[in-house]
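A.B. asks:
In my numbering, the protein residues as written are 1079 to 1233.
(1) Determine the burial state of residue 1117: buried for a count of at least 16 other Cβ atoms within 10 Å of its Cβ, exposed for fewer.
(2) Just to confirm, is the Cβ distance from residue 1203 to residue 1179 under 8 angstroms?
(3) Count the other CB atoms, across all protein chains shown, that sit within 10 Å of the CB of residue 1206; report buried if there are 16 or more and exposed otherwise.
(4) How many Å lie between residue 1218 and residue 1156 at the Cα?
(5) Okay, do the region 1116-1135 and the region 1184-1192 touch, 3+ Cβ pairs below 8 angstroms being the bar?
(6) Given a cut-off of 8 angstroms on the beta-carbon distance, is the pair residue 1146 and residue 1161 in contact?
(7) Assign residue 1208 to one of three DSSP states: helix, strand, or coil.
(8) Measure from the alpha carbon of residue 1159 to the alpha carbon of each residue in 1211, 1149, 1214 and 1135, then state which is nearest.
(9) Could you name the residues of the same chain whose beta carbon sits closer than 6 angstroms to that of residue 1176, not counting the 5 residues immediately before and after it, in chain order?
(10) Check the DSSP bridge columns for residue 1111 and list the partner residues they point to.
(11) Does the beta-carbon of residue 1181 have 16 or more other beta-carbons within 10 angstroms, so that it is buried, or is it exposed?
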């Protein structure tokens, strides 16, 4: 999936999560939350910076706790604010995340790479606290190795 496809997926989620709002003068809440989860060092911060600033740094520092960044997009002549939540992937932070995971207007982006992955852990946490919120799985291949996804865990 390239950057354009990822942006379109976010835009589609935004439209779906705001479908109960009509265009006939009702004030829209043009805001949604995108939560990036995955193991430490898989590239969550790098992906966010690439999407928002167009920059990439191969030696990005790991996120400590949670970093929140607002991103303004113009989609279909509307300004939309996305709150991008970058969750540090170190295991020490896992227990606190449940306090921040939500079902309301949230798209989850699970980043995986070819290392030993806790894909099942993250999918279970998202299902438990995020309900039926959509999950987009993004593969990070900075090491050049093909991504192996446990498709059975997705069922």
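Just so it is clear, CB atoms sit at the ideal spot from N, CA and C, and this is done for glycine as well.
C.D. replies: In this structure, then:
(1) It is buried - the Cβ of residue 1117 has at least 16 other Cβ atoms within 10 Å.
(2) Taking the C-beta atoms as reference points, residue 1179 is found nearer than 8 angstroms to residue 1203.
(3) Residue 1206 should be labelled exposed.
(4) Cα-Cα distance, rounded: 31 angstroms.
(5) Yes: the two stretches touch, three or more of their Cβ pairs being nearer than 8 angstroms.
(6) Yes, the Cβ-Cβ distance between residue 1146 and residue 1161 is below 8 angstroms.
(7) In the structure shown, residue 1208 adopts helical secondary structure according to DSSP, grouped into three states.
(8) The residue with the shortest Cα to Cα distance from residue 1159 is 1149.
(9) Cβ-Cβ distances below 6 angstroms link residue 1176 to 1207 in the same chain, with the five nearest sequence neighbours on each side left out; the list follows chain order.
(10) Residue pairing by DSSP places residue 1111 opposite 1161 and 1184 in a beta bridge.
(11) A residue is called buried when at least 16 other Cβ atoms come within 10 angstroms of its Cβ; residue 1181 does not meet this threshold and is exposed.
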